[in-house]
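Residue numbers (the numbering used here), protein chains in the order written: chain A, 15 to 338; chain B, 63 to 491. Even for Gly, the Cβ is constructed at its ideal location relative to N, Cα and C. Working notes, structure below.
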Amino acid sequence: MIGDPGLNDFSVEANGLTKYFGDYKAVDHVSLAVPTGSIYGVLGPNGAGKTTSLRMTLGIIDPDEGTSRLFGGQRPQAVRHRIGYLPEERGLYPGMKAREAIAFMGALRGLDWSEGRRRAAGFMTELGLERVIDTKIRKMSKGMAQMIQLIGSIVHAPDLIVLDEPFSGLDPVNQERLEMLVRRERDRGATILFSTHVMAHAERLCDRIAIIARSARRFEGTVDEARALLPMQVRYTPRTAGDPATVAANLPAGAELRGDAWHFAIQDADVEPLLARITASGHGVTGLSISRPALHDAFVHIVRQVDAGFDADATEDAVEEASA
Amino acid sequence: MTPFIRSMFVVARRDFLAIVATPTFLLFLLAPLFMVAMGLAGGVGASQLADSARGTGRIVVIADAAEVDALRAADHRLRDAFKRGDAPPPLEFRIAGKDAPDPLAVTREKGTDTYAVMSGALESPRIVERNAEGGSGRYLALLANQVLRDRAAGDVAPVKPRFESIQRGGTSIAVQQSLGFGAVFVIFLLTLLLAGQTVSSLAEEKGNKVIEILAAAVPLESVFLGKLLGFLGVAILFIAFWIAVAMGGGLIAAILSDPGMLTAADGASKAAAALASTPATGWPFFLGIGFVYFILSFLLLGAVFLGVGAQAGTVREIQMLSLPITIFQVGMFSLSTAAATAPDSGLATFAQIFPFSSPLAMAARAATDDAKAVHLLALGWQAIWVALVIFLSVRLFRAGVLSGGGNWKFWRRGAAAAANAATTAADRH
């Protein structure tokens, strides 16, 4: 069922998804295009509209505007059996045994019960959960139950796996196991779409990301492209501690001395001229690091920009109202 | 098997096992025992009360000693015409004369209820009675009349009647109406016991957040139908269990009381005699269609309760919803009972057409009307309503619970789209 990934081969194509809850616009024309066989992250602060966007993408709720098509133009409802979904609000029947719960979720997607039980045992053994295979969900820890639900969402070997905040509530060991599982499913050929507000996971896993803030998509691209939105960060420590003013004269405006090191940002094109100036200045180099900012910084930068825009609009509206 | 049907059975299987494979199901299964025990206790009390009332009542005749034998003989003959329980209270005599008590004083004697007292000449007796509508006074008048007729006719040879029972086609309309009422009652009782449970079934999914998994994996229609199917399975198991218990109990009782009865030819004829009260459509059809109507009644009311209950978020809300639901059920029962006792009335026709009373009323109709084709029409009509109720319930559920009101709140969608278009146009300018 899994197609060959290609440049124009998208497992998810959502266009202009919009959703109102009452008068509140929870999602505002969000579009997503997830290449087949990729790991795609939907990032955003709490309440940005990630979950609603995913629900509309999967056809769980209807958008007020926009469309969602999966696997080359099919309605989400028509290809449910090819999707695995871990909702943000975890839920299992407390009275069911773990193996049965997984088999049940597989059976909902068309997997044979006995095959579901067999695969459940395999997955659980692999993830170190073999001792609770026949334990009822109500007797498990929250993290264990979450892993059971995760297995339930992939037990039928779906072509598209959608995970809503999959890492929340897991300890670091289980987070690592989950990352391993995600990569393995991608290697199997599945497309992974997941939402998170923890940048470290996205940075390690995602081929592409979309950042949603204030109900709308604010960025789409690779992790590197997101990081490139900010200038590179430089940390320079001179060999000779001369007059700071003479050192600063060779550095870009805004350079800041913290301890014995200077911190400043530069554009990609300014790296070589900077090195030439530092060498020529005679202050020498004890330490020099030039690095891209982390995804975390890019994310915060984007979200703050959006918030600032909203605040400015709100102020403008307030002034207009007051003057009126 | 289509994916829709398959997912429906997956949901049904889960629900069925979740209910049946628990110790509390045993309590539920044995619930009728408690009902029977309560019924027996109430019945015994009522019976004792009735017996006690019968034992203390009487009618009295104050007559000349010479007339007492004639009156007693006439009373004996007349009582033969009454069934046990319908007969007048026991007759007592007081001898007329100087010391004869006043009739009103007799009615005031303690220790017993005196319903009527007759005194004076038989040609023009004075009858004092407690209740003019009760019939005791008229019975005493009939008694006097009978004695006078006997006296006038002289000795007449006693009548020697030959009684024959009606073997075929003899079931009265009243008995058929009683069968119809019985069908309405049984279906209502089973539906009340079993369909009402669906009210709380979706609350479990909402409480433990499984509903989003279900909604993402399968059509909600199949979730609703699967749940109904699961509960229907429980209902059928419940009925099968009690039929087996009743048959087994009956068999054991028969063997213990008369082991030869099972093989004796007259045993079969006794069984046939027991079934002599035949519904208009015949027993096999009546029982079969009654079962099918039970299923449709269950599905219809179950779908309503499921849809209404799906809107509840807490146990308290479910409890509050239960009252109007039970009242609604009782309303359907009353309507169908009225239809069963007056099968040719407009009310009966209404009850047979109104979707939620239709299964009950049509089951009653099968007892009094031998037309069979009309039941096919009714089954189709009820099936359409099952589908319609589930469709509406799902819409309501999606709009209310999953907040997917795109189709439901069409006016809001239209307004939002218009506002959006206006904003876009303004931006262009």
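Please report the distance separating the alpha-carbon of residue i from that of residue j.
| i | j | result |
| --- | --- | --- |
| A255 (chain A) | S182 (chain A) | 47 Å |
| G55 (chain A) | A117 (chain A) | 28 Å |
| L46 (chain A) | I206 (chain A) | 13 Å |
| D77 (chain B) | V456 (chain B) | 18 Å |
| R215 (chain A) | T376 (chain B) | First, the residue type needs correcting, since residue 215 (chain A) is His and not Arg in the sequence shown. Distance between the alpha carbons of H215 (chain A) and T376 (chain B) is about 37 Å. |
| F247 (chain B) | T84 (chain B) | 29 Å |
| R237 (chain A) | L57 (chain A) | The residue asked about is misnamed: residue 237 (chain A) is Val in this sequence, not Arg. Taking the straight line joining both Cα atoms gives about 11 Å. |
| S419 (chain B) | P220 (chain B) | 54 Å |
| R460 (chain B) | R378 (chain B) | 22 Å |
| D178 (chain A) | E144 (chain A) | 25 Å |
| F155 (chain B) | D164 (chain B) | 13 Å |
| Q208 (chain B) | P417 (chain B) | 56 Å |
| F85 (chain A) | G203 (chain A) | 13 Å |
| V26 (chain A) | V187 (chain A) | 30 Å |
| A93 (chain B) | L318 (chain B) | 27 Å |
| I69 (chain B) | L122 (chain A) | Here residue 69 (chain B) turns out to be Ser, not Ile, going by the sequence shown. Near 6 Å, if we compare the C-alpha coordinates of L122 (chain A) and S69 (chain B). |
| M382 (chain B) | I389 (chain B) | 12 Å |
| I235 (chain B) | A402 (chain B) | 11 Å |
| T64 (chain B) | A74 (chain B) | 15 Å |
| R231 (chain A) | G51 (chain A) | 22 Å |
| A259 (chain A) | N60 (chain A) | 44 Å |
| V261 (chain B) | S384 (chain B) | 8 Å |
| I446 (chain B) | L290 (chain B) | 16 Å |
| I280 (chain A) | T81 (chain A) | 42 Å |
| L72 (chain A) | G36 (chain A) | 22 Å |
| A297 (chain B) | V146 (chain A) | 34 Å |
| A372 (chain B) | H437 (chain B) | 32 Å |
Note down, in chain order, each residue of its chain lying with its Cβ closer than 6 Å to the Cβ of residue i, except the 5 sequence neighbours on either side.
| i | result |
| --- | --- |
| I304 (chain A) | M246 and V248 |
| T300 (chain A) | T251 and R253 |
| A400 (chain B) | L409 |
| L153 (chain B) | I121 and D137 |
| L358 (chain B) | P421 and Q444 |
Restricting to Cα atoms, I'd like to know which of the options is closest to residue i.
| i | options | result |
| --- | --- | --- |
| A125 (chain B) | B:G182, B:F286, B:N270 and B:M100 | B:G182 |
| T132 (chain A) | A:A159, A:V26, A:A28 and A:V169 | First, the amino acid is wrong: residue 132 (chain A) is Arg here, not Thr. Nearest option by C-alpha distance: A:V169. |
| Q319 (chain A) | A:I151, A:H277 and A:A227 | A:A227 |
| P405 (chain B) | B:G242, B:M309, B:D217 and B:R192 | B:G242 |
| F453 (chain B) | B:P386, B:A426 and B:V370 | B:V370 |
| A128 (chain B) | B:I157, B:A423 and B:P152 | B:I157 |
| L265 (chain A) | A:L243, A:H297 and A:E234 | A:H297 |
| F395 (chain B) | B:L422, B:Q414 and B:S384 | B:L422 |
| E267 (chain B) | A:Y107, A:T50, A:I316 and A:R152 | A:Y107 |
| E234 (chain A) | A:E286, A:A259, A:M161 and A:L309 | A:L309 |
| Q163 (chain A) | A:H43, A:V187, A:M138 and A:V317 | A:M138 |
| V366 (chain B) | B:F286, B:S398 and B:G350 | B:F286 |
| A149 (chain B) | B:F360, B:G196, B:E171 and B:V218 | B:G196 |
| D311 (chain A) | A:H95, A:H211 and A:F324 | A:H211 |
| F71 (chain B) | B:F250, B:V436 and B:L294 | B:L294 |
| L251 (chain B) | B:G288, B:S398 and B:A435 | B:S398 |
| L184 (chain B) | B:L264, B:V123, B:L95 and B:I305 | B:V123 |
| L166 (chain B) | B:R192, B:G159, B:D217 and B:P151 | B:R192 |
| L361 (chain B) | B:P346, B:W443, B:D432 and B:M309 | B:W443 |
Looking only at its chain, what residues have a beta carbon closer than 7 Å to the beta carbon of residue i, apart from the 5 residues adjacent to it on each side?
| i | result |
| --- | --- |
| Q238 (chain B) | P341, A342, A429 and T430 |
| T66 (chain A) | K33, A40 and V41 |
| S128 (chain A) | none |
| R69 (chain A) | I75 |
| V392 (chain B) | none |
Can you give me the Cβ contacts of residue i inside the same chain, cut-off strictly under 8 Å, excluding the 5 residues immediately before and after it?
| i | result |
| --- | --- |
| F313 (chain A) | L57, M213, I225 and A240 |
| Y34 (chain A) | A40 and D78 |
| E283 (chain B) | F66, I452, F453 and V456 |
| E193 (chain A) | H215, R218 and L219 |
| A262 (chain A) | A269, L271 and W276 |
| L184 (chain A) | G157, Q160, M161 and L192 |
| query | In chain order, which continuous runs of the alpha helix (DSSP H) of length 4 or greater are located wholly inside the segment 417-467 of chain B? | reply | Complete alpha helix (DSSP H) runs here, min 4: 420-430 and 435-462.
*Pair every Cβ in the segment 134-153 of chain B with every Cβ in the segment 88-104 of chain B, then say whether three or more of these pairs are closer than 8 Å.*
no
Any contact of the segment 256-268 of chain B with the segment 86-93 of chain A, i.e. 3+ C-beta pairs under 8 Å? No: fewer than three Cβ pairs fall under 8 Å.
With a floor of 3 residues, list each beta strand (DSSP E) that falls wholly inside the segment 240-295 of chain A, ordered by position along the chain.
Restricted to the segment 240-295 of chain A, the beta strand (DSSP E) segments that are unbroken, complete and at least 3 residues in length are 246-251, 270-272 and 275-280, listed in chain order.
Review point. Would you call the segment 93-110 of chain A and the segment 156-170 of chain A in contact, with 3 or more CB pairs under 8 Å?
Key: yes
(request) At 4 residues or longer, and completely inside the segment 207-243 of chain A: list those alpha helix (DSSP H) runs for me, N to C. (result) 213-219 and 237-241
query: What are the uninterrupted segments assigned as beta strand (DSSP E) that are 3 or more residues long and contained completely in the segment 98-139 of chain B, given in chain order?
result: Fully enclosed beta strand (DSSP E) runs of 3 or longer: 119-125.
Taking only runs that begin and end inside the segment 202-228 of chain B, name each unbroken alpha helix (DSSP H) of 4 or more residues, in chain order.
-> none
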